[in-house]
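476 is the number that the working numbering gives the last residue of the sequence shown; the numbers go up by one with no jumps. Where is the CB? At the ideal position from N, CA and C, for every residue including glycine. Take a look at the structure below.
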Amino acid sequence: MNPTFLLALALTSLGAVAIVSVTMLSGWRGWLSLQQQRLGDKPFSAPVPNAGTRIEIADLKERIRKLEAIAAGVEL
Numbered sequence: 401m402n403p404t405f406l407l408a409l410a411l412t413s414l415g416a417v418a419i420v421s422v423t424m425l426s427g428w429r430g431w432l433s434l435q436q437q438r439l440g441d442k443p444f445s446a447p448v449p450n451a452g453t454r455i456e457i458a459d460l461k462e463r464i465r466k467l468e469a470i471a472a473g474v475e476l
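This is the structure we're talking about:
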């Protein structure tokens, strides 16, 4: 094969890869922009548990402790 042909083939392939990469990057940025709009640009914040939730969690922990004691054969 002719070296000029191989060089032209390599440059064409490199150009095609560059075009596809730029196109995919543009699509990715567009998708990210769409997702930001859908989420309303709200920063994520974990919900703060209220007093009722904390009481329920404490109750569940106590029940688990009792069940573990029963499983271990310890009398409460």
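| task | Measure the alpha-carbon distance for residue 472 versus residue 435 and round it to whole angstroms. | result | 51 Å
| Collapsed DSSP secondary structure at residue 359 in the structure displayed | What is shown of the chain runs 401 to 476, which leaves residue 359 out entirely.
| query | Is the CB-CB distance between residue 449 and residue 457 below 9 Å? | reply | yes
| field | Opening and closing residue of the alpha helix (DSSP H) in which residue 420 lies | value | Unbroken alpha helix (DSSP H) run through residue 420: 403 to 439.
| To which residues of the same chain is residue 431 closer than 7 Å at the C-beta, ignoring the five residues directly before and after it? | For residue 431, where only same-chain residues beyond five positions count, there are no Cβ hits under 7 Å.
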